[in-house]
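Number of protein chains: 2
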Amino acid sequence: MRKLPAKLASQLYGAAELIAERGLDGTKIEDIAEATGIPKATIYYHLDGKNAVLEFLLSDLLDMIAGAVGVAVSSAEDARTRLEAAVVAQLGVMLEHPFLCRALVGDLGRATRLPELAVALRAAFYEPIEQLLTDGVADGSLRQVPNPGAVALSVFGAITVAGLTAAVEGPSDDPSADAVRLSASITELIFDGLAHHPRRGDCEPGDGPDQSE
Amino acid sequence: MRKLPAKLASQLYGAAELIAERGLDGTKIEDIAEATGIPKATIYYHLDGKNAVLEFLLSDLLDMIAGAVGVAVSSAEDARTRLEAAVVAQLGVMLEHPFLCRALVGDLGRATRLPELAVALRAAFYEPIEQLLTDGVADGSLRQVPNPGAVALSVFGAITVAGLTAAVEGPSDDPSADAVRLSASITELIFDGLAHHPRRGDCEPGDGPDQSE
DNA sequence: ACTGGTTTGTAATTGCAGTACAACATACGA
DNA sequence: TCGTATGTTGTACTGCAATTACAAACCAGT
Chain G
1105 MRKLPAKLAS QLYGAAELIA ERGLDGTKIE DIAEATGIPK ATIYYHLDGK
1155 NAVLEFLLSD LLDMIAGAVG VAVSSAEDAR TRLEAAVVAQ LGVMLEHPFL
1205 CRALVGDLGR ATRLPELAVA LRAAFYEPIE QLLTDGVADG SLRQVPNPGA
1255 VALSVFGAIT VAGLTAAVEG PSDDPSADAV RLSASITELI FDGLAHHPRR
1305 GDCEPGDGPD QSE
Chain E
1105 MRKLPAKLAS QLYGAAELIA ERGLDGTKIE DIAEATGIPK ATIYYHLDGK
1155 NAVLEFLLSD LLDMIAGAVG VAVSSAEDAR TRLEAAVVAQ LGVMLEHPFL
1205 CRALVGDLGR ATRLPELAVA LRAAFYEPIE QLLTDGVADG SLRQVPNPGA
1255 VALSVFGAIT VAGLTAAVEG PSDDPSADAV RLSASITELI FDGLAHHPRR
1305 GDCEPGDGPD QSE
């Protein structure tokens, strides 16, 4: 796993769509060779096999996500605001790279079984959120919940599943606009929930039925 | 895909742990034969191949989930209450069958590429939630959101990711107690959100900071 | 031109899924 | 009891595709 020459790296992306479409199993090394223009022997010279191709592509995606989220998270705002920014950032990268996302979903199992990727996955998706939730409690922008771990996981799930689904459903014309739209829905859910309650600040008891519970 | 004799079906479960551990790729048909005690030739007599083994195991899991959720959903309560029950039901089944869940995560890609399973997946996980959200708006127990589809997807993601992770992390001594605990965290998130706000009914403006937005 | 890394074509080699088939078992009605 | 249909299983075989081996270029830099 030496560092792959840049030219080859860029050619390898030509295999992303193929893998996304058919899964790694359904993709022969020969197909990858043909799609990328890199001969089989050369692929094997640089990479350890088919898995390594996937690993390369996905770790790149995860790095991009981790990077974008990292920027979003390190602003000076309160945690709630940074969480919103992180969601937009994460979805932005995902929608920007639908094929890689599809490949990720399609070979998630393999990905989690490749140790490096499993770590990168956590780092890209889960850890920033977990951190923001605890930050939010500290700076008062988010409320304290009884079981932060489980909640962080659910938030992570909400964002990631929505993003992956959107990415899988179809490449969009304007990924970043879609990312903003989608993240608005998600943040509304995770901040305000689905129950009826007065919005922050206003307080009309007539707003929702209040019998039960 | 005739209907597999009950005895074989039960033996097949012996392969779940193996597949969960190593993935379907890493599991040879011979291994499955050995683990289940069903000879290879017999497996091929009844099933169409390795994928069919996974398909059998997972469709069974999905049926169980769909069944349990179906019961939870069809009570006479309001949608919000039924959604809580559905979450408990879904998590209950998942935690009851950690190996199957691990196999599901591990071979999600394959699963979504097997048409029958893809449908069963939607039916077990996503559709009941989507339905409950619209029901909830109708009966007033949940509020209307701007983009119901995206929100349903996020709710689905929140529940499912939390459940799968819990199932993957390790078999528990008391699955149903864990399911209740976990579902409490999740429902709190999806109903009340993470922002500070007065709980339904009470209304102290001093409760949360109110400057921004 | 020499050396050490790359690149690539062309064979092997290997492992495993899936298939073929024959022998055997079991059930059940005639 | 026999015959037939259906299931069970061992064994050998086929075929595909991943991986490896290797030799012949190629391309710096010195």
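The listed protein sequences derive, respectively, from chains G and E.
Numbering-wise (this note's numbering), the first sequence opens with residue 1105 and increments by one.
Numbering-wise (this note's numbering), the second sequence opens with residue 1105 and increments by one.
In this text, a Cβ means the ideal position worked out from N, Cα and C, and glycines have one as well.
The structure displayed is predicted, hence computed values, not measured ones.
In the DSSP assignment, G:S1289 falls within the unbroken alpha helix (DSSP H) covering 1279 to 1296. In the three-state reduction of the DSSP assignment, E:R1247 falls in the coil class, being assigned neither a helical nor a strand state.
Neighbourhood of E:V1255 in chain G, by CB distance below 7 Å: S1289, L1293, in chain order. Around E:D1182, the same chain offers D1243, S1245 as residues with beta carbons nearer than 6 Å, after the five sequence neighbours per side are excluded. Counting only runs of 3+ residues, no beta strand (DSSP E) is found wholly inside the stretch 1142 to 1179 of chain G.
Contact check for G:G1196 against G:A1283 passes: the beta carbons are separated by less than 8 Å. Per the C-alpha coordinates, the member of G:R1184, G:S1179, G:V1209 positioned closest to G:L1161 is G:V1209. Apart from the 5 residues on each side of it in sequence, G:L1122 sits with its Cβ closer than 8 Å to the Cβ of T1131, D1135, I1136, A1139 in its chain, given in chain order. At the C-beta level, E:I1133 and E:K1111 stay beyond 8 Å of one another. Proximity of chain E to G:G1261 at the Cβ level (cut-off 7 Å) is accounted for by G1261, A1262, T1264, V1265, A1266, in chain order. With respect to chain G, the C-beta atom of E:R1217 has a partner C-beta closer than 8 Å.
When only Cα atoms are considered, E:D1164 and E:L1225 end up about 11 Å apart.
Distances from the alpha-carbon of G:G1274 to those of G:H1150, G:T1264, G:Y1149, G:M1198 put G:M1198 closest. Contact annotation for E:T1269 against chain G: L1257 [CB-CB distance below 7 Å, chain order]. A residue is called buried when at least 16 other Cβ atoms come within 10 angstroms of its Cβ; E:A1281 does not meet this threshold and is exposed. By the neighbour-count criterion, in which a residue is buried when 16 or more other Cβ atoms sit within 10 angstroms of its Cβ, E:E1200 is buried. By the criterion of a C-beta distance shorter than 6 Å, G:A1222 is surrounded in its chain by T1216, once the five residues flanking it on both sides are discounted. In the displayed model, E:D1135 falls within a helix according to three-state DSSP. The alpha-carbon separation between G:I1294 and E:A1119 amounts to approximately 38 Å. Collapsing the DSSP output to three states places E:E1181 in coil.
Taking 8 Å as the cut-off, the Cβ atoms of G:V1191 and E:E1292 do not count as close. Here E:F1229 is not near E:T1185, since their CB atoms are 8 Å or more apart. A direct Cα-to-Cα measurement between E:L1204 and E:I1233 gives close to 22 Å.
Under the Cβ criterion of 8 Å, E:P1250 is counted among the residues facing chain G. As the crow flies, the alpha-carbon of E:L1151 is around 10 Å from that of E:K1107. The three-state secondary structure of G:D1239, taken from DSSP, is helix. The beta carbon of E:S1287 is closer than 6 Å to those of V1191, V1192, L1195 in its chain, skipping five residues each way along the sequence. For the stretch 1159 to 1186 of chain G, the set of positions with a beta-carbon nearer than 9 Å to some beta-carbon of chain E reads D1182, R1184, T1185 in chain order. Around the beta carbon of E:G1240, 16 or more other beta carbons sit within 10 angstroms, so the residue counts as buried. In this model, G:F1260 and E:A1262 are separated by some 7 Å (Cα to Cα). Residue-level contact by beta carbon holds for E:R1247 and chain G, with a gap shorter than 8 Å. The C-beta of E:A1145 has fewer than 16 other C-beta atoms within 10 Å across all chains shown, which makes the residue exposed.
Contact annotation: E:L1158 and E:D1211 have beta-carbon atoms nearer than 8 Å. Straight across, the Cα-Cα distance linking G:G1174 with E:A1176 is about 41 Å.
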